[in-house]
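Counting from 735, one number per residue, gives the positions in the sequence shown under our numbering.
Even for Gly, the Cβ is constructed at its ideal location relative to N, Cα and C.
Here the structure is a predicted model, which is why all the values come from computation and not from measurement.
Since the structure comes first, as structure tokens, the remarks are kept for the end.
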Amino acid sequence: MRPIKTIQDVRLLREAQVFTDTFITFLEGEFLELKEAFDFDGLDEDFTLGMHGYMLVLEKGDNLRDLSMVGLDRRMGGLLGSLPEFIEKWERNGEYWFKVVVIYSNEYGMAFYLSSAAIKDNEQVISWLEEQIERDAIYQMTGEGR
Numbered sequence: 735m736r737p738i739k740t741i742q743d744v745r746l747l748r749e750a751q752v753f754t755d756t757f758i759t760f761l762e763g764e765f766l767e768l769k770e771a772f773d774f775d776g777l778d779e780d781f782t783l784g785m786h787g788y789m790l791v792l793e794k795g796d797n798l799r800d801l802s803m804v805g806l807d808r809r810m811g812g813l814l815g816s817l818p819e820f821i822e823k824w825e826r827n828g829e830y831w832f833k834v835v836v837i838y839s840n841e842y843g844m845a846f847y848l849s850s851a852a853i854k855d856n857e858q859v860i861s862w863l864e865e866q867i868e869r870d871a872i873y874q875m876t877g878e879g880r
């Protein structure tokens, strides 16, 4: 599990070479979009996501059913028991990853990122993610609730 609260966190991930360059470039873009969305005019280095919720990259071996350290309790099913605001699937250069946004309150939400490498052996997680995306698509087309 890799929390991203500052641009320095993204840069450290790039230096560590834990993830592909394509994925890190995507995360950096996501961070800068959030900075812009929060209308922060200062230096990238001065912006932090800490008080509004942050980005969290989940890795192979992370227990998606118990993310109590970020408010998704195991008794409720962790990430798989949450009701995400939305889920997106991104594909680039032969790899894919998911972005799962969970809103906790009007002022706080988290963006969870799962790479294909982190979930490739977990059909149940992949199915859950795909089902959520399909539900969102049906909702957008028909206006029906979840």
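Quiz item: So what's Phe-781 in DSSP terms, helix, strand or just coil?
Solution: Your numbering for residue 781 matches position 47 in the sequence shown. It is coil, neither helix nor strand.
Practice problem: Kindly identify the DSSP beta-bridge partner or partners of Met-737. | Solution: What you label residue 737 is simply residue 3 of the sequence shown in a count that begins at 1. Correcting the residue identity first, residue 737 is Pro in this sequence and not Met. Looking at the DSSP assignment, Pro-737 forms a beta bridge with Leu-790.
Exercise. In the DSSP assignment, find the unbroken alpha helix (DSSP H) run with Gly-843 in it and report its ends.
Key: Numbered from its first residue, the sequence shown carries residue 843 at position 109. Not the alpha helix (DSSP H): Gly-843 falls in the beta strand (DSSP E), residues 842-849.
Practice problem: Along the beta strand (DSSP E) that carries Phe-820, what are the first and last residues, could you check? | Solution: On the sequence shown, position 86 is the one that residue 820 refers to. Segment 820-826, the beta strand (DSSP E) holding Phe-820.
Quiz item: Can Asp-780 be considered in contact with the ligand MN, in the sense that its beta carbon sits closer than 8 Å to one or more heavy atoms?
Solution: Ligands are entirely absent from the displayed structure, and the ligand MN is therefore not among its contents.
Self-check item: Lys-833, enclosing alpha helix (DSSP H) - first and last residue
Solution: Numbered from 1 along the sequence shown, position 99 holds the residue referred to as residue 833. Not the alpha helix (DSSP H): Lys-833 falls in the beta strand (DSSP E), residues 829-839.
Practice problem: Measuring alpha carbon to alpha carbon, tell me which of Val-791, Asp-807, Phe-757 and Leu-798 ends up nearest Tyr-830. | Solution: Working through the sequence shown from its first residue, we reach residue 830 at position 96. Of the candidates Val-791, Asp-807, Phe-757 and Leu-798, the one whose C-alpha sits nearest the C-alpha of Tyr-830 is Phe-757.
Practice problem: From the DSSP output, in three-state form, read off Tyr-806 for me. | Solution: By one-based count along the sequence shown, residue 806 stands at place 72. First, the residue type needs correcting, since residue 806 is Leu and not Tyr in the sequence shown. Strand at Leu-806.
Quiz item: Which two residues bound the contiguous alpha helix (DSSP H) that contains Phe-757?
Solution: Sequence index remark: in the sequence shown, residue 757 carries index 23 (1-based). Unbroken alpha helix (DSSP H) run through Phe-757: 755-771.
Quiz item: What is the DSSP secondary structure of Leu-813, counted as helix, strand or coil?
Solution: If you number the sequence shown from 1, residue 813 lands on position 79. Note: Leu-813 maps to helix in three-state DSSP.
Exercise. Starting from Leu-801, follow its DSSP beta bridges and name the residues at the other end.
Key: What you label residue 801 is simply residue 67 of the sequence shown in a count that begins at 1. Its beta-bridge partners are Leu-806.
Quiz item: Going by alpha carbons, who is nearest to Asp-754 out of Thr-740, Val-835, Tyr-838 and Asn-827?
Solution: Looking up residue 754 in the sequence shown gives position 20. According to the sequence provided, residue 754 is Thr. The question's Asp does not apply to it. It is Asn-827 whose Cα lies nearest to the Cα of Thr-754.
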